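Protein chains in written order, with UniProt numbering: chain P, 1 to 492; chain F, 1 to 492. Using N, Cα and C, we set each Cβ at its ideal position, and we do this for glycine too. These numbers come from a predicted model, not from an experiment. Here is the structure we will look at.
Number of protein chains: 2
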Amino acid sequence: MGKNLTTRSEDYSKWYNELVVQADLAENSAVRGCMVIKPYGYAIWEKMQAELDRMFKETGHQNAYFPLLVPKSLFEAEEKNAEGFAKECAVVTHYRLQNDPDNPGKLRVDPNAKLEEELVVRPTSEAIIWNTYKGWIQSYRDLPLLINQWANVMRWEMRTRLFLRTAEFLWQEGHTAHATKKEAIAEAEQMNDIYADFAENFMAIPVIKGLKTESERFAGADETYCIEALMQDGKALQAGTSHFLGQNFAKAFDVKFTSKEGKQEHVWATSWGVSTRLMGALIMTHSDDQGLVLPPNLAPNQVVIVPIFKNEEQLEAISEVVNGIVKELRSLGVTVKFDSRDTLRPGAKFAQHELQGVPLRIAIGSRDLENGTVELARRDTLSKETTSIDGIATKVKDLLAEIQLALHDKALNYRDTHITEVNSFDEFKEVLETKGGFISAHWDGTMETEDKIKDLTKATIRCIPLDAVEEPGECMFTGKKSNKRVLFAKAY
Amino acid sequence: MGKNLTTRSEDYSKWYNELVVQADLAENSAVRGCMVIKPYGYAIWEKMQAELDRMFKETGHQNAYFPLLVPKSLFEAEEKNAEGFAKECAVVTHYRLQNDPDNPGKLRVDPNAKLEEELVVRPTSEAIIWNTYKGWIQSYRDLPLLINQWANVMRWEMRTRLFLRTAEFLWQEGHTAHATKKEAIAEAEQMNDIYADFAENFMAIPVIKGLKTESERFAGADETYCIEALMQDGKALQAGTSHFLGQNFAKAFDVKFTSKEGKQEHVWATSWGVSTRLMGALIMTHSDDQGLVLPPNLAPNQVVIVPIFKNEEQLEAISEVVNGIVKELRSLGVTVKFDSRDTLRPGAKFAQHELQGVPLRIAIGSRDLENGTVELARRDTLSKETTSIDGIATKVKDLLAEIQLALHDKALNYRDTHITEVNSFDEFKEVLETKGGFISAHWDGTMETEDKIKDLTKATIRCIPLDAVEEPGECMFTGKKSNKRVLFAKAY
Chain P
1 MGKNLTTRSE DYSKWYNELV VQADLAENSA VRGCMVIKPY GYAIWEKMQA ELDRMFKETG
61 HQNAYFPLLV PKSLFEAEEK NAEGFAKECA VVTHYRLQND PDNPGKLRVD PNAKLEEELV
121 VRPTSEAIIW NTYKGWIQSY RDLPLLINQW ANVMRWEMRT RLFLRTAEFL WQEGHTAHAT
181 KKEAIAEAEQ MNDIYADFAE NFMAIPVIKG LKTESERFAG ADETYCIEAL MQDGKALQAG
241 TSHFLGQNFA KAFDVKFTSK EGKQEHVWAT SWGVSTRLMG ALIMTHSDDQ GLVLPPNLAP
301 NQVVIVPIFK NEEQLEAISE VVNGIVKELR SLGVTVKFDS RDTLRPGAKF AQHELQGVPL
361 RIAIGSRDLE NGTVELARRD TLSKETTSID GIATKVKDLL AEIQLALHDK ALNYRDTHIT
421 EVNSFDEFKE VLETKGGFIS AHWDGTMETE DKIKDLTKAT IRCIPLDAVE EPGECMFTGK
481 KSNKRVLFAK AY
Chain F
1 MGKNLTTRSE DYSKWYNELV VQADLAENSA VRGCMVIKPY GYAIWEKMQA ELDRMFKETG
61 HQNAYFPLLV PKSLFEAEEK NAEGFAKECA VVTHYRLQND PDNPGKLRVD PNAKLEEELV
121 VRPTSEAIIW NTYKGWIQSY RDLPLLINQW ANVMRWEMRT RLFLRTAEFL WQEGHTAHAT
181 KKEAIAEAEQ MNDIYADFAE NFMAIPVIKG LKTESERFAG ADETYCIEAL MQDGKALQAG
241 TSHFLGQNFA KAFDVKFTSK EGKQEHVWAT SWGVSTRLMG ALIMTHSDDQ GLVLPPNLAP
301 NQVVIVPIFK NEEQLEAISE VVNGIVKELR SLGVTVKFDS RDTLRPGAKF AQHELQGVPL
361 RIAIGSRDLE NGTVELARRD TLSKETTSID GIATKVKDLL AEIQLALHDK ALNYRDTHIT
421 EVNSFDEFKE VLETKGGFIS AHWDGTMETE DKIKDLTKAT IRCIPLDAVE EPGECMFTGK
481 KSNKRVLFAK AY
């Protein structure tokens, strides 16, 4: 608190790291690449979870829980998936520690407690889940199977950043099984739509729905749908993915069902997930040099009320009025905190709530009581006004809705002014270096060209937008024919 | 479904295992000792979580998340805690797999990706959390620190049973820090009271609050509070524990604070937890030879409505009436499912809902429509009545409250008639073998006597009840002096 943040223009990356720590969202831990999610950060994640969980359940999904550890023999069953994750797996090899005879007071791995088969800490759960589904699916009557899991996963990333890329992260992973290809594709699309809906209406983050190219696809998927967002520094961030897995896992784990016609067929699959990475997207989309800015729909406290008082008597008089306001706000479904701590001055409280992104702040002192007014401050615009206590609750509720939309529109405006069409590689490089953002360009459809562009510029194809229009053109890099534009960007 | 359960009197243990699987609560997985929690079982766990989480938050606790993996050097810092858990730790030693040159298509641990320091999969999180608290606590203003975590943990148990003892389980673990010993003890007691409240009012399980003896205490605690329940086979089950940790972890991790008087002092600590083990307690307390019996306060569906129809037309007429009932029930806060599946006959649906413990079942056919009646069946008593559709919603709501109390009273009656006072070891052995349950006896207070009794009978001291009255007596085993009775039992 009270420390000055590095500004975004000075050093965006440093600004982000400082903000996450100073706003009490998360911090690095003693375990390489793993973070501690602090109570305030976790409260935001809980709000995200609650909304997503509701959306999943409303579309017929149920939660379940599968083991953390995956036997190596299962992990390696789906070859592409195994290949994709093998390089970043934490592996359990022993099941006991013992006193270290060479170092009194220290422990060591017990050499007699070596596992016959190594266990992989799940980087994703397709393997263990499809091995389980084998026992659950016999007939078309068992389908569709619509399951979600809230869990922790591990991917041994070499370069980590709080929320954006951590060795351990929290996420949800949906795993569904269907009788037909068509139904599975519809499910993958539906879940990508739900992610887009959540991003836009709760996180106030505009996203582009698209398909990944082969090189950016999930290991083991036939098709990966995604939502892509744009951060304030012009870099893109993949905010959620939904995979059509074809029959790859059904074949690897031999999961067949008897169709209505009495035939044995392999099941069709999807998987889809979003993670604590969304916290990074939320922070980077809206926050400013004063700290976090939260959309009201995900703020743990939508309003904070700070009393300005010189003595106990004044605080009592103020509290009486505040309690009425609090009650009225709660009856309207607004979450509000009365910050009556006597250990901090009002200025320090203002600074803390600003840093922590509380959407609205109400300050009320003895003079206000006389006048029947309060001071109302908006976090997003940093504007203040004096307003009547009469009708304050309704005003606050309306203002919260207004802020939610304003944040979305601001982000949308930034995003839309940062999609640039280019028709040559020179133009591409120039826009990438000067303006950033999404670059819409023709591409010849080959992995080779995509790789070369990546090597030369660090930009990747973020997605082939679902709403891309057919348009004859030439690949900006090779000049070969192309029939639609794709979106490139540097990405988190 | 439809398979016959082994009865409790035939083989209680087999009955339990079959019930858990047949009622779709959980099953064993491909990973030794680890279970899959199936959607129906997980839905019950979610209801438990929601209530507990509310109770924790109402008493000022906040959720946070700490890393899964604990570096060995932190794990071993608090000596007793390390010693207590070292023998059952899963240990991560490597961070990469590679293609196995000797087995094409297979993977092996990459010998070049060995960790410098091994990482223990958390069996409990005191070590990683207290290492973190060191950075969070400087002054008395930072106290109390009241944090809870919902997480998975691993303990490499040799003999496992679904829910009751699994290598991985889900739990919550509270970890709090306080300025004074008195305050920490009050917190440990408060959380044990919350567990008792939850067990009695939501799970409908009567519990005895008590203290553990030294040999049953949590490794690293100065005192362990517990709630002990009694299962239908006369064995006790520890349903929750709350530990006063003294300054043990503060000293091991050097966590000090500046007091109001400006002195540097070590912090006082508690930790407390309940786990998916509660599912085992819930199942074993109330269920019968027909399957699961759920208390209404934790049932995912409190009421199920089954239509009896011969054709589409009848179903439509019934549905219209049912939709009205459903709406009314929901407005009263009752969770209800209209089971209109056309793939199962009513009898098969009845069997399924009975097996899965739905508290109330309403059946409604064409004849009922004419008469303005429904058939209402109670799961706990297996009784049925025909009753008027008018006022059915209110009747159902009242009946659910009645069932909740009836289950508790039945369990309380069983428990109270299975607490036996004995005054000699012969009597003790006889009661243990013939009747089981809790045995209230004098004990000389030594670990030696406790161990001998355990070796001879497998019974342990479940707790020293908090409400035990001072009463002069002699240890039933050694004849030495004792001033209060303790509770012995064989336990899960």
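CA-to-CA distance, residue j to residue i, given in whole angstroms
i	j	result
P/Asn-483	P/Lys-212	17 Å
F/Arg-361	P/Gln-62	22 Å
P/Glu-223	P/Phe-56	21 Å
F/Asp-289	F/Gly-324	34 Å
P/Trp-171	P/Glu-27	18 Å
P/Cys-34	F/Ala-377	52 Å
F/Lys-349	F/Thr-343	10 Å
P/Glu-354	P/Thr-460	36 Å
F/Glu-470	F/Lys-480	16 Å
F/Val-293	P/Trp-136	24 Å
F/Asn-99	F/Asp-254	44 Å
F/Thr-132	F/Ala-393	51 Å
F/Leu-146	F/Ala-127	16 Å
P/Glu-216	P/Lys-235	17 Å
F/Ala-411	P/Val-321	49 Å
F/Val-120	F/Ala-151	15 Å
F/Met-158	F/Ile-439	28 Å
P/Asn-192	P/Leu-19	30 Å
Neighbour list for residue i in chain F, Cβ cutoff strictly below 9 Å
i	result
P/Trp-156	Tyr-95, Arg-96, Ala-113
Under 7 Å by beta carbon: chain P residues contacting residue i
i	result
F/Thr-59	Residues of chain P passing the Cβ test: none, with the nearest at roughly 15 Å.
F/Thr-132	Ser-29, Val-36
F/Glu-118	Val-109
residue 563 of chain F	The structure shown does not extend to residue 563 of chain F, since chain F is modelled only from 1 to 492, so the question has no answer here.
F/Trp-106	In the sequence on display, residue 106 of chain F carries Lys and not Trp. By Cβ distance, chain P contributes Glu-76.
F/Asn-297	Ordered by position in chain P, no residue passes the 7 Å Cβ test against F/Asn-297, which lies about 19 Å from the chain.
Same chain only: Cβ atoms within 6 Å of residue i, ignoring 5 sequence neighbours per side
i	result
P/Ser-9	none
residue 535 of chain F	Because residue 535 of chain F is not part of the residues shown, which for chain F are 1 to 492, the question remains open.
P/Leu-466	Lys-209, Gly-210
F/Ser-366	Gln-314
P/Cys-401	The sequence given here places Ala at residue 401 of chain P; Cys does not occur at that position. If we look at P/Ala-401 and ignore the five residues flanking it on each side, it has no Cβ neighbours.
F/Gly-220	Glu-78, Lys-80, Asn-81, Asn-248
Partner residues on chain F for residue i, Cβ-Cβ distance less than 8 Å
i	result
P/Cys-34	Pro-67, Leu-68, Leu-69
P/Ile-147	Pro-39
P/Asn-63	Pro-39, Tyr-42, Ala-43, Glu-46
P/Glu-168	Pro-67, Leu-68, Leu-69
Closer than 7 Å at the beta carbon, the chain F residues around residue i
i	result
P/Arg-379	Residues of chain F passing the Cβ test: none, with the nearest at roughly 21 Å.
P/Val-326	Under the 7 Å cutoff, chain F gives no residues; its nearest Cβ is about 16 Å from P/Val-326.
Interface partners of residue i on chain P, CB under 9 Å
i	result
F/Arg-141	Thr-343
Nearest neighbour of residue i, chosen from the options [CA to CA]
i	options	result
F/Tyr-492	F/Glu-450, F/Gly-436, F/Val-431	F/Gly-436
F/His-178	F/His-418, F/Ala-199, F/Arg-217, F/Leu-143	F/Leu-143
P/Arg-345	P/Val-322, P/Leu-315, P/Glu-375, P/Ile-308	P/Ile-308
F/Leu-68	P/Arg-155, P/Tyr-40, P/Asp-24	P/Arg-155
F/Asn-201	F/Asn-148, F/Ile-403, F/Arg-330	F/Ile-403
P/Pro-71	P/Ser-125, P/Asp-53, P/Lys-458	P/Ser-125
P/Met-231	P/Thr-258, P/Pro-206, P/Glu-83	P/Pro-206
P/Met-48	P/Ala-229, P/Ala-281, P/Thr-160	P/Ala-281
Beta-carbon proximity list for residue i, same chain, < 7 Å, skipping 5 on both sides
i	result
F/Lys-14	Thr-6
F/Gln-190	Thr-59
F/His-94	Val-109, Asp-110, Ala-113, Lys-114, Leu-115
P/Glu-385	Leu-376
Chain P contact residues for residue i, given Cβ-Cβ distances below 8 Å
i	result
F/Ile-128	Ser-29, Ala-30, Val-31
Residues near residue i by beta carbon distance below 8 Å, same chain, minus five either side
i	result
P/Ala-64	Ile-147, Asn-148, Gln-149
Along the stretch 68 to 91 of chain F, where does the CB come closer than 9 Å to a CB of chain P? Name the residues. Leu-68, Leu-69, Val-70, Pro-71, Lys-72, Ser-73, Leu-74, Phe-75, Glu-76, Glu-79, Ala-82, Glu-83, Phe-85, Ala-86, Lys-87, Glu-88, Cys-89, Ala-90, Val-91
Contact residues within the stretch 254 to 275 of chain P, judged by C-beta distance below 7 Å to chain F: Cβ contacts with chain F come from no residue of the stretch 254 to 275 of chain P.
Residues of the stretch 301 to 312 of chain F in Cβ contact with chain P at a cutoff of 9 Å, in chain order, please. none
Tell me which residues of the stretch 410 to 436 of chain P have at least one Cβ-Cβ distance to chain F shorter than 8 Å, keeping chain order. Those residues of the stretch 410 to 436 of chain P that come within reach of chain F (Cβ to Cβ, closer than 8 Å) do not exist; the list is empty.
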